[in-house]
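*Asks:* Please find one structure pasted underneath; my questions will follow.
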Amino acid sequence: MLNKIISIFLILTFFLGGCSSFPYFPSYLPSSDKVGVNQFGSYIKLELKNGNDIGGELIAADNSQIYVLIETQNDKIISKKTIKLEYSELEDFSFYYAKPENYYSRIALSLVSVLHGFWLVITLPLNLIVRNSVAIGSKNSFKYYGTEVNSKQLSQFARFPQGIPENIKFENIK
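Everything in the sequence shown is counted per this note's numbering, starting at 853 for the first residue and increasing by one.
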């Protein structure tokens, strides 16, 4: 009976480890080793005071405004447009500057605890706790919140850190 319970627990752990609630990250975000050479801006999620949320690529930021490239989809047609928002319109924001590692797939390695025999009762829960803690912590490893950065620091994570060049029209950025 105990073997059945342990087997069911291990199988559920294995399957649930693959069903993580890892957030969506756009394809333009670099892996951690390519952060310094990425030509795109960070993925920014803006919470507006009117209750709407907007997500997109951070194009530029200055002392009073944020420029964001957003995608909209209507009837299978994806269109991009750049919007300009005043800081006074924002409730809060957060941004990712690289894709975090997804360690949820490694939770299945907890099955190695089966080899511990009698000590399985201790090592399996301990393994699961440690591996889940690492997986949850990794999700926010390349994330900043609005309270952690000022406008000058935010601009460093934009496509155009020094502002939109004069020879580029705001409306033509894609």
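All C-beta atoms in this analysis are idealised placements derived from N, C-alpha and C, irrespective of residue type, glycine included.
1) Thinking L937 and I918 are a contact (beta carbons under 8 Å), I'd like their distance in whole angstroms, please.
2) Rounded to the nearest angstrom, what separates D944 and L972 at their Cα positions?
3) Report back the beta-carbon spacing between S991 and P952 to the nearest angstrom; my notes put them in contact at under 8 Å.
4) In angstroms, rounded to a whole number, what distance separates the CA positions of E1000 and H968?
5) Taking S1003 as the reference, which of K932, Y996 and S916 has the closest Cα?
6) May I have the straight-line CA-CA distance separating Y939 from L898, to the nearest angstrom?
7) Have a look at the DSSP bridge pairing and note the partners of Y919.
8) Just the C-alpha distance for Q891 and N984, rounded to the nearest angstrom, thanks.
9) Would you decide whether F1009 is buried or exposed? Buried here means 16 or more other CB atoms lie within 10 Å of its CB.
*Replies:* Quick look at the numbers:
1) 5 Å
2) 45 Å
3) Residue identity check: residue 991 is Lys in the sequence provided, not Ser. 6 Å between Cβ atoms; contact.
4) 44 Å
5) Comparing Cα-Cα distances from S1003 to each of K932, Y996 and S916, the minimum goes to S916.
6) 10 Å
7) A912 and K936
8) 33 Å
9) buried
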